[in-house]
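Chains as they are written, first to last, in this note's numbering: chain R, 1077 to 1442; chain U, 2 to 131.
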């Protein structure tokens, strides 16, 4: 273990809860607290809490904040008109590859908040700063804030007790994909698990008490390992696995996040993604269900009989399904079966619609 | 820290080996190995009668997150595999030195094989912890 890894404000809490710590994007983070499967089930059936303080919070403010983000992001923040509303978007380079995916929260046309990935922090901040130069905006990282994701069918009810009284009622009334701020606290009904819940931003100094109160209320501490199987079942992309700077969002299942209308909005990467959109040979991005025993993993070869090869981008054993699933980028064509090369054996997979699981329910035929 | 069974020998690949009275050896992975892997979901076993080379790939254990090869600590012939692991791989998590055994091998030459005593293996684990 390197000594240079950064620690969140909850590091001591993780160790006290028995976490196995690992390096993740330069951060010393909990992988699990004993059983990642039990943590996964806790989120699907009850409630779990993740320390996501390693994620990078960036506030964008200024008279032209809206113009700036309409240029920076492939989705269109002009769609955000109600304060607190969130939008998922890719940030593209000029060649239409994905620099990062992020969530942007709208407060006013002069004030937005971005939450970007931890592992991409440095390049994201450099890119955002570079693009911001042409606009009159202030870009401020907020490393002094901690963030907890409380997820599961009981999550909001159990989390309400830790919220500041000033915003508790309004937070409980939030619709999905909306957030509300109160001073340095910010509560959003968002997440990365396919379950209901909150993501709660707070001052670092408040994090340990909030964490302990959640655990005392029966919320299970959950690590990065469960976070990965939960997001995979929900078919939510993981940056660096399912897409990267060499990948078009249109070949990563993210076409729905690109706002091509209005046609005169000149977002970065527009011309490149338009070319991919017009390409009849662009690759499919699909969900796979393994019909044999075994475990799918990311970056295994997928063979489509008579058409060509593709690749799994993420894969694993899905605890809710008790089956193995993957996301995969495959050659264009009309087919619903393929085979995956697992240690030299070609095993049968079926292409299924995603998500695999949503709100505790299995959404595919097993 | 769990105690290491004193009647077993160990490898630096975190496998254990028990010399049975009939001259065969039973092999599994250590408690340290199962804990590092986490919840096991799939085990790929060798075939009975398959010839194993020392240090060669013998089985694959897959947890929710990762796949890991299990290497043959001795060369020889596979006498028996733990078929129950096919439906219940978590036996390895629950009882790595007992119900979670993986294969029984008829070894060809046990004298040349480098194995560790419980004390030596414990020292290796202590080193990993540092």
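Every residue gets a Cβ at the ideal spot worked out from N, C-alpha and C, and that includes glycine.
Suppose the cutoff is 7 Å on Cβ atoms and the five residues either side in sequence are ignored; what does the same chain contact list for residue i look like?
{"i": "residue 48/U", "result": "79"}
{"i": "residue 40/U", "result": "64, 65, 91 and 94"}
{"i": "residue 1239/R", "result": "1247 and 1263"}
{"i": "residue 1176/R", "result": "1167, 1192, 1193, 1196, 1200 and 1315"}
{"i": "residue 1383/R", "result": "1407, 1409 and 1411"}
Hey, could you find the ends of the alpha helix (DSSP H) residue i is sitting in?
{"i": "residue 1265/R", "result": "Premise fails: residue 1265/R is in no alpha helix (DSSP H) and is neither H nor E."}
{"i": "residue 1088/R", "result": "1087 to 1092"}
{"i": "residue 1295/R", "result": "Segment: none, residue 1295/R is in no alpha helix (DSSP H) and carries neither H nor E."}
{"i": "residue 1188/R", "result": "Note, residue 1188/R: premise wrong, no alpha helix (DSSP H); beta strand (DSSP E) at 1187 to 1192."}
{"i": "residue 1205/R", "result": "1197 to 1208"}
{"i": "residue 1346/R", "result": "1346 to 1353"}
{"i": "residue 1233/R", "result": "1231 to 1235"}
Ignore the nearest five residues each way along the sequence and tell me which others in residue i's own chain have a CB closer than 6 Å to its CB.
{"i": "residue 1396/R", "result": "1120, 1309 and 1433"}
{"i": "residue 1261/R", "result": "1240 and 1278"}
{"i": "residue 100/U", "result": "92"}
{"i": "residue 1295/R", "result": "1123, 1125 and 1234"}
{"i": "residue 1360/R", "result": "1406"}
{"i": "residue 14/U", "result": "72"}
{"i": "residue 1283/R", "result": "1085, 1086 and 1222"}
{"i": "residue 1207/R", "result": "1148"}
If you follow the beta strand (DSSP E) that residue i is part of, which residue opens it and which one closes it?
{"i": "residue 43/U", "result": "41 to 45"}
{"i": "residue 1432/R", "result": "Where residue 1432/R is concerned, there is no enclosing beta strand (DSSP E), given that its DSSP letter is neither H nor E."}
{"i": "residue 1164/R", "result": "1162 to 1168"}
{"i": "residue 105/U", "result": "104 to 108"}
For residue i, write down the residues that DSSP places opposite it in a beta bridge.
{"i": "residue 69/U", "result": "62/U"}
{"i": "residue 1315/R", "result": "1319/R"}
{"i": "residue 1121/R", "result": "In the DSSP output, where bridge partners are listed per residue, residue 1121/R has none listed."}
{"i": "residue 1364/R", "result": "1402/R and 1427/R"}
{"i": "residue 1390/R", "result": "1403/R"}
{"i": "residue 1421/R", "result": "1418/R"}
{"i": "residue 1/U", "result": "The first residue shown for chain U is 2 and the last is 131, placing residue 1/U beyond what the model contains."}
{"i": "residue 1223/R", "result": "1277/R"}
{"i": "residue 1255/R", "result": "1264/R"}
{"i": "residue 1327/R", "result": "Looking at the DSSP assignment, residue 1327/R forms no beta bridge with any residue, so it has no partner."}
{"i": "residue 1100/R", "result": "1103/R"}
Below 8 Å on the Cβ atoms is my contact criterion, and I expect residue i with residue j to pass it. Report the Cβ-Cβ distance as a whole number of Å.
{"i": "residue 60/U", "j": "residue 42/U", "result": "No, residue 60/U and residue 42/U are not in contact; Cβ-Cβ is about 14 Å, not under 8 Å."}
{"i": "residue 1223/R", "j": "residue 1319/R", "result": "Their Cβ separation, rounded to whole angstroms, is 23 Å, which puts residue 1223/R and residue 1319/R out of contact at 8 Å."}
{"i": "residue 1209/R", "j": "residue 1180/R", "result": "Not a contact, Cβ separation roughly 19 Å."}
{"i": "residue 1/U", "j": "residue 46/U", "result": "The shown model of chain U, from 2 to 131, leaves out residue 1/U, and the question about it has no answer."}
Tell me which residues share the same chain as residue i and place their Cβ nearer than 8 Å to its Cβ, disregarding the 5 neighbours each side in the sequence.
{"i": "residue 1187/R", "result": "1135, 1136, 1137 and 1141"}
{"i": "residue 1146/R", "result": "1152, 1153, 1154, 1341 and 1343"}
{"i": "residue 1399/R", "result": "1365, 1366, 1393 and 1442"}
Can you list the residues of chain C that residue i reaches, using a CB-CB cut of under 7 Å?
{"i": "residue 28/U", "result": "Among the protein chains of the structure shown, namely R and U, there is no chain C."}
Practice problem: Could you name the residues of the region 1359 to 1378 of chain R whose beta carbon sits closer than 7 Å to any beta carbon of chain U, in the order they occur along the chain? | Solution: 1369, 1370, 1371 and 1373
Quiz prompt | Interface positions of the region 1282 to 1314 of chain R facing chain U (Cβ-Cβ less than 9 Å), listed along the chain | solution = 1301, 1302, 1304 and 1305
Exercise. Identify each residue in the region 1089 to 1118 of chain R for which the Cβ-Cβ distance to at least one residue of chain U is less than 7 Å, and report them in chain order.
Key: Cβ proximity to chain U below 7 Å picks out 1108, 1111, 1112 and 1113 from the region 1089 to 1118 of chain R.
Quiz item: Using Cβ-Cβ distances below 8 Å, what residues of the region 1410 to 1440 of chain R are close to chain U?
Solution: 1419
Exercise. Below 8 Å between beta carbons is the criterion; list the residues of the region 32 to 63 of chain U that meet it against any residue of chain R, in chain order.
Key: Listed in sequence order: 39, 40, 42, 43, 45, 61 and 63.
Quiz item: Between the region 98 to 124 of chain U and chain R, which residues of the former have CB atoms less than 7 Å from a CB of the latter, in chain order?
Solution: Against chain R - using a Cβ distance shorter than 7 Å - the region 98 to 124 of chain U contributes no residues.
Quiz prompt | the region 1381 to 1399 of chain R: positions lying closer than 8 Å to chain U by Cβ | solution = 1392, 1393 and 1395
Exercise. Using a Cβ-Cβ cut-off of less than 8 Å, give me the residues of the region 73 to 96 of chain U that come near chain R, in sequence order.
Key: 87
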